[in-house]
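All remarks here apply to the structure that follows.
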Amino acid sequence: MEIDTDRGRAAMGTTAQRVDGQAKTVVTSATAFAEYAAGGRARRTEIVVSAHEREGVPDHFGRVFYQPILAAIEVAARAEDPAAVLAEAVEAAELTGQPRAYEEVAAGFLAWWRKARLAAVDCGATVLRVGGVELTVAPHLAARGRSGGLQVVLFHLKEAPLTRDGANAALRVLAVCADDLLAGAEPLVVDLRRAREYRLARNTNVDNLDAWLTAEAAAYASHWHSTAP
């Protein structure tokens, strides 16, 4: 998809190629960008500073904190006993804050998964360029519903509830990338700790949403460069 540049907005397009690490390119995940776009001043600064701290540190606390429970969810979604799979992940949690976080995420996933009655399927990943920012878009899950409809899903794992603006940002990124991720899939965001689903409203003004996201990408890039060590 290309955003109308004649109306003063930058292009928004997908590419399956890996980011080349050019000095002028800023890279972040779709979920981090969505949280940044919807965040207040202090939270936005925290997100960018934390991203600098994690850069080049594969085992950084902030990078690995949720990895085990996300891996367990991927297995649980295909398991006959998803609760048992997640219980093992909760039991193995050992970093500060992990046990309670994993318990809440696991409980929320099970509540949502049992109600949604979906079947996990495979999907791809891609990169979305918005202005000077490269967003890595890798769904946490893809699923097929009882009626055959496909969904690509991003999870909100944080203790603070997901905001509607944050959900809309993530949903729009998924929607733009849908064909690269899983052809025909609809975007879905789930606030896991609260087992709450978010979808884009039918009356969403996509032009305004894209303009906002493009502006937020410019803000993120500027914030990134101004806080570089």
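Residue numbers (this note's numbering): 483 to 711. Note that beta-carbon positions come from the ideal geometry of N, C-alpha and C, so glycine has one too.
What does a CB cutoff of less than 8 Å around residue i pick up in its chain, not counting 5 residues either side in sequence?
i	result
V603	A624, A625, R626, L632, L664
G614	K506, T507, V508, A699, A700, A703
H622	L552, I555, E556, V635, L636, F637
T709	T527, V530, V531, H534
Rounded to the nearest angstrom, how far is the Cβ of residue i from that of residue j, given a contact under 8 Å?
i	j	result
L577	F547	6 Å
A533	A514	7 Å
L610	V658	6 Å
R628	R599	6 Å
L639	V587	6 Å
V567	A574	The Cβ separation is near 11 Å, so there is no contact.
A571	P550	6 Å
Can you tell which of the options has its C-alpha closest to the C-alpha of residue i?
i	options	result
T510	E570, V619, I551, T686	V619
T696	H707, T645, A683, E616	E616
G522	V612, D647, V587, A574	D647
A642	L682, G630, D673	D673
Go through its chain and collect everything with a Cβ distance to residue i's Cβ below 7 Å, but skip five positions before and after it.
i	result
A649	V671, Y680
A601	A625, R626
Y584	I551, A571, V572, A575
H705	R526, V530
Going by DSSP, name the residue or residues bridged to residue i.
i	result
Y680	V671
L632	R626
A601	R626
T510	L617
F637	V672
Please work out which residues of its chain come closer than 6 Å, Cβ to Cβ, to residue i, disregarding the five sequence neighbours upstream and downstream, and give them in chain order.
i	result
E668	Q633
P564	A558
H542	R536
A492	Residue placement at A492 is flagged as unreliable, the pLDDT there being 39, under the threshold of 50; a coordinate-derived value is accordingly withheld.
L682	L653
Should the stretch 639 to 655 be called in touch with the stretch 527 to 545, which here means at least 3 C-beta pairs below 8 Å? Contact between the stretch 639 to 655 and the stretch 527 to 545 is absent, because fewer than three Cβ pairs lie under 8 Å.
Take every Cβ of the stretch 671 to 680, pair it with every Cβ of the stretch 581 to 596, and state whether three or more of those distances are shorter than 8 Å. At 8 Å Cβ cutoff, the stretches touch.
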